[in-house]
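Heads up: the sequence shown is residues 179 to 330, going by our numbering.
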Amino acid sequence: MMDDLNFFQWHWWAGVAIVLLIAEIFVPGFWLFCVSMGCFAASAAAGLGAGISVQLLVCATASLIAFFTLRPVLMKRMWKETGVRTNVDALVGQRGRVTEDFEPSLRLGRVAVAGDDWRAECVNDRALRSGDPIEVVRVESNTLIVKPLEQA
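What follows is the structure, encoded as structure tokens:
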């Protein structure tokens with residue numbers, strides 16, 4: 179009965195594939211890309227005169243093959259780390275100045291880094307005074323772990 183309607187002709191499959199490729203722009207992950215590859219394969223099957231059940235089988239098979247072969251390659255190639263550190267991760271390596279003296283025994287004080295005043299802990303027992311330059315080594319919770327820099 180569906181063969182009489184000619185609904186599953188090659189151009190319908192190709193149209194759906196193109197719509198899915200356009201939709202892939204807005205949905206990350208290459209899921210729709212894999213389904214569109216299945217639709218293109220079903221379009222080819224329809225163009226060769228295959229019946230509806232063969233077209234659906236070709237679509238499902240090609241989609242699965244694309245999902246397990248093309249998607250991992252595309253994910254590895256396209257989804258790369260930007261290398262841009264944000265939030266507190268961006269503070270590591272930044273330089274600043276001591277705003278509140280560090281006592282050698284406690285190793286605690288305050289520093290100004292990137293325009294903000296932070297609670298800080300020094301990596302060694304050296305006394306740091308207001309105005310001394312420091313560098314952020316790491317961030318632990320809301321405390322910056324800093325090391326003193328030699329003044330020029």
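Built from N, CA and C at the ideal position, the CB exists for glycine as well.
#1: Please check the pair S241 and V197, which I expect to be a contact at CB under 8 Å, by giving their CB distance rounded to whole angstroms.
#2: Could you tell me the alpha carbon to alpha carbon distance between L248 and V205, rounded to whole angstroms?
#3: Using DSSP with H/G/I as helix, E/B as strand and the rest coil, what is W296?
#4: For A305, tell me which candidate among E313, V276 and N320 has the shortest Cα-Cα distance.
#5: Does the count of Cβ pairs from the region 318-326 and the region 288-298 closer than 8 Å reach three?
#6: From what residue to what residue does the alpha helix (DSSP H) around G216 run?
#7: Which same chain residues, not among the five before or five after A292, have their C-beta less than 6 Å away from its C-beta?
#8: Work out the CA separation of G229 and C217 for me, nearest whole Å.
#9: What is the residue span of the beta strand (DSSP E) that P250 lies within?
#10: Out of curiosity, what's the CA-to-CA distance linking L286 and D303?
#11: For the beta strand (DSSP E) containing E318, name the first residue and the last one.
#12: Assuming E278 contacts S308 under a Cβ cut-off of 8 Å, what Cβ separation, rounded to an integer in Å, is found between them?
#13: In chain order, what residues of the same chain lie with their CB nearer than 7 Å to the CB of F280, ignoring the 5 residues before and after it?
The answer reads as follows:
#1: With 8 Å as the limit, S241 and V197 do not qualify as a contact, their Cβ atoms being about 15 Å apart.
#2: 17 Å
#3: Correct three-state label for W296: strand.
#4: V276
#5: yes
#6: W209 to G225
#7: The beta carbon of A292 sits closer than 6 Å to those of Q272, all from its chain and outside the five residues before and after it, given in chain order.
#8: 14 Å
#9: Counted as a single uninterrupted DSSP element, the stretch harbouring P250 is not any beta strand (DSSP E) but the alpha helix (DSSP H) occupying residues I230 to M256.
#10: 10 Å
#11: P311 to E318
#12: 7 Å
#13: L286, G287, C300, A305 and L306
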